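Per this note's numbering, the very first residue in the sequence shown carries number 1; after that it's consecutive.
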Amino acid sequence: MNGIFGSIYPKHLQHKYSNYSGIKTEQYSLGLFGCNEMVTQDVIRLLKELSKKYVPTDDAGEIVEEVFFGGDRLTDERIQSAQEAMSNNESPLEKLEGFISKIEDFHRLMNFLEV
1 MNGIFGSIYP KHLQHKYSNY SGIKTEQYSL GLFGCNEMVT QDVIRLLKEL
51 SKKYVPTDDA GEIVEEVFFG GDRLTDERIQ SAQEAMSNNE SPLEKLEGFI
101 SKIEDFHRLM NFLEV
């Protein structure tokens with residue numbers, strides 16, 4: 001494919017995040033928490049606690065950058081439900097918008113292998 005279109009298309013399309021594309025992602029284990037994922041209030045409490053520790057904010061308390069929050073498909077759904085439950089709050093931090101939930105590749109691979 002590269003031989004056919006190599007002279008037409010550039011190897012990389014420059015964009016505002018190009019400088020970040022080669023940087024290794026830093027991952028941190030958040031440990032274990034006494035939280036029942038099936039109870040939305042527990043998930044909200046967990047996200048509030050983690051927001052204070054891990055979501056970067058400026059002096060005014062505004063979110064500087066969102067943080068990825070990984071887990072299995074059920075965890076992803078619970079995080080989104082908790083964020084939706086808090087969507088009527090005033091600030092992005094109170095709305096728990098500091099996290100972007102995502103399904104981890106390990107869980108995706110295990111689900112694929114089960115099928």
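Every residue, glycine too, gets a C-beta built ideally from N, C-alpha and C. Note that this is a predicted model, so its numbers are computed, not measured.
Close Cβ partners of residue i (< 8 Å) along its chain, the five nearest in sequence each way excluded
i, result
"Ile100", "Glu66, Val67, Phe68 and Phe69"
"Gly61", "Ser91 and Leu93"
Other residues of its chain near residue i: CB distance less than 7 Å, five sequence neighbours each side excluded
i, result
"Ser81", "Thr40"
"Met86", "Ile44, Glu94, Lys95 and Leu96"
"Pro56", "Val64 and Glu65"
Of the listed residues the options, nearest to residue i (C-alpha basis)
i, options, result
"Gly22", "Gly31, Leu30 and His12", "His12"
"Asp59", "Leu93, Gly71 and Glu97", "Leu93"
"Leu50", "Glu97, Leu113 and Phe106", "Glu97"
"Gln83", "Leu32, Ile4, Lys24 and Lys48", "Lys48"
"Leu30", "Arg78, Gly3 and Lys53", "Lys53"
"Cys35", "Tyr28, Leu46, Leu109 and Tyr17", "Leu46"
Backbone secondary structure at residue i - three-state DSSP
i, result
"Phe33", "coil"
"Gly3", "helix"
Contact belief for residue i with residue j at Cβ below 8 Å, rounded distance in angstroms
i, j, result
"Arg73", "Ile103", "6 Å"
Cβ shell of residue i (< 6 Å), same chain only, five flanking positions each side left out
i, result
"Asn89", "Lys95"
"Arg78", "Glu37 and Val43"
"Thr75", "none"
Inset, instruction - Quick one: which unbroken beta strand (DSSP E) runs of 3-plus residues sit fully inside the segment 11-80? Chain order, please. - result: 67-71
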